[in-house]
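Undergrad:
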Amino acid sequence: MTNRRELLKLLALGGGAVYASGLVGRAAAAGTPAATAYEDFYFVQLSDTHWGFSGAPNPDAANTLRRAVASVNALAQQPEFIVFTGDLTHTTDDPVERRRRMAEFRDIVSALKVKQVRFMPGEHDASLDRGAAYKEFFGETHYAFDHKGVHFIAIDNVSDPGARIGDEQLAWMKADLAQRPAGSPIVVLTHRPLFDLEPKWDWATRDGAQAIDILLQHPQVTVFYGHIHQEHHRMTGHIAHHSAKSLIFPLPAPGSQPTRTPLPWDPAQPNRGLGFREVEAEPDTAQYKIRELGVVDA
């Protein structure tokens with residue numbers, strides 16, 4: 002993907018939002034076989050669409066998801082796959098309404114040009130019924146897959162209403178990662194942060210430290226998550242954690258005010274604070290170049 006790499010370099014020089022995660026040369030240092038040659042690729046992360054939400058602070062909530070789909074479809078180069086990291090729909094106590102929202106969300110995102118789309122639940126999708134409705138529409142809440150030499154593992158830290166991953170899933174995660182060749186690149190997808198970002202705001206996973214302990218045994222790990230409705234970057238040891246913006250409304254910086262009240266809507270800039278990201282993976286050097294993008298205007 003030489004052309005795309007050059008494009009990102011130009012964006013960086015021109016002031017575009019490009020964030021490089023990882024350490025050059027880490028793959029070799031970690032013991033990746035010298036003969037292994039991974040192919041670069043890129044994917045798109047969207048998060049926290051909250052389909053079914055209405056009212057302040059996004060009076061245009063019925064259109065934001067459709068605009069996001071149009072924005073992704075308008076990319077000059079389409080990604081190899083797309084991942085939604087949770088809160089696909091907005092919570093409701095009514096199980097019939099919950100399923101109606103999931104069906105509508107599914108129908109809207111079916112307009113994406115890229116047909117390799119992976120989903121994960123957020124607590125709005127899964128905590129009230131432990132993921133039962135979500136599974137009917139989107140399948141398992143945790144899973145793993147491989148793409149061009151990178152092992153992706155999706156962790157469910159939302160179906161348990163207590164914000165836990167749980168012993169069974171942690172054991173599955175440990176066993177799955179134990180099968181990976183030493184030093185192979187790993188990307189973790191999850192909804193809540195695995196570390197304690199702001200526990201009083203529910204920005205944490207109660208047994209997330211156990212997951213991080215498992216991940217620290219592997220030298221090349223990067224985590225992409227959602228939930229906090231803003232871009233945020235944090236290191237835990239050698240593991241980089243990157244949160245994504247929301248597609249419904251932005252939330253305040255962690256701990257910056259007493260509560261996590263959504264930031265006010267600006268009619269002059271209706272899409273301010275909303276967006277999605279492109280992630281270019283360079284597995285040979287364990288780098289992930291992140292470019293933040295906004296949704297198109299009406």
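Quick note on the numbering used here: the sequence shown kicks off at 2 and runs consecutively. For each residue, glycine too, the CB sits at the ideal point set by N, CA and C.
Write down every uninterrupted run of the alpha helix (DSSP H) in the region 153 to 184 whose length is 4 residues or greater and which is fully enclosed by it, in chain order.
TA: DSSP runs (the alpha helix (DSSP H)) wholly in the region 153 to 184: 168 to 179.
Undergrad: Sorted by chain position, which residues of the same chain lie with C-beta nearer than 8 Å to Val110's C-beta, five sequence neighbours on each side aside?
TA: Excluding residues within five positions, the ones whose Cβ falls inside 8 Å are Leu66, Val70, Phe85 and Val118.
Undergrad: Looking at the secondary structure, which residues open and close the alpha helix (DSSP H) in which Gln211 lies?
TA: First-last of the alpha helix (DSSP H) with Gln211: Gly209 to Leu216.
Undergrad: Using a threshold of 8 Å, state whether the C-beta atoms of Phe225 and His243 are closer than that.
TA: Yes, Cβ-Cβ distance for Phe225 and His243 is below 8 Å.
Undergrad: To the nearest angstrom, how far is the alpha carbon of Asp126 from that of Tyr135?
TA: Using only the alpha carbons, I get a separation of about 6 Å.
Undergrad: Can you grab the Cα-Cα spacing for the pair Asp95 / Glu124, in whole Å?
TA: Going from the Cα of Asp95 to the Cα of Glu124 covers about 15 Å.
Undergrad: Taking the runs of the alpha helix (DSSP H) that are 4 residues or longer, which of them lie wholly in the region 77 to 119?
TA: Complete alpha helix (DSSP H) runs here, min 4: 96 to 110.
Undergrad: Could you check how far apart the C-beta atoms of Lys149 and Phe42 are, in whole angstroms? I think they sit under 8 Å.
TA: Going by Cβ atoms, the distance from Lys149 to Phe42 rounds to 5 Å, so yes, they are a contact pair.
Undergrad: With a CB to CB cut of under 6 Å and the five nearest residues on each side skipped, what residues in its chain are close to Arg235?
TA: So the qualifying residues of the chain are His242.
Undergrad: Within 10 Å of its beta-carbon, does Val151 have 16 or more other beta-carbons around it, so buried, or fewer, so exposed?
TA: Buried, by the Cβ-count rule.
Undergrad: Based on Cα-Cα distance, which residue from Asn59, Pro265, Thr191 and Ala57 lies nearest to Gln170?
TA: Checked all of Asn59, Pro265, Thr191 and Ala57; the closest Cα to Gln170 is Thr191.
Undergrad: Can you tell me which of Val297, Leu252 and Ala282 puts its alpha carbon nearest to the alpha carbon of Asp49?
TA: Of the candidates Val297, Leu252 and Ala282, the one whose C-alpha sits nearest the C-alpha of Asp49 is Leu252.
Undergrad: In angstroms with no decimal places, state the Cα-to-Cα distance between Phe44 and Glu281.
TA: Spanning the two alpha carbons is a distance of roughly 7 Å.
Undergrad: Look up Leu264 in the DSSP assignment and say whether it is helix, strand or coil.
TA: Here Leu264 sits in coil by DSSP.
Undergrad: Here's a check: name, in chain order, each residue in its chain whose Cβ is nearer than 8 Å to the Cβ of Arg100, leaving out the five neighbours to either side.
TA: Within the same chain, Arg100 has close Cβ partners Ala134, Glu137 and Phe138.
Undergrad: Write down the C-beta distance between Asp177 and Ile154 rounded to the nearest angstrom, noting that I regard them as a contact closer than 8 Å.
TA: So it is a contact: roughly 6 Å between Cβ atoms.
Undergrad: Quick one, which of Gln79, Asp161, Ala172 and Ile187 has its alpha-carbon nearest Asp147's?
TA: It is Ile187.
Undergrad: Can you tell me whether Lys290 is helix, strand or coil according to DSSP?
TA: Strand, per DSSP.
Undergrad: Using the beta-carbon count (16 or more within 10 Å), is Asn74 buried or exposed?
TA: Exposed.
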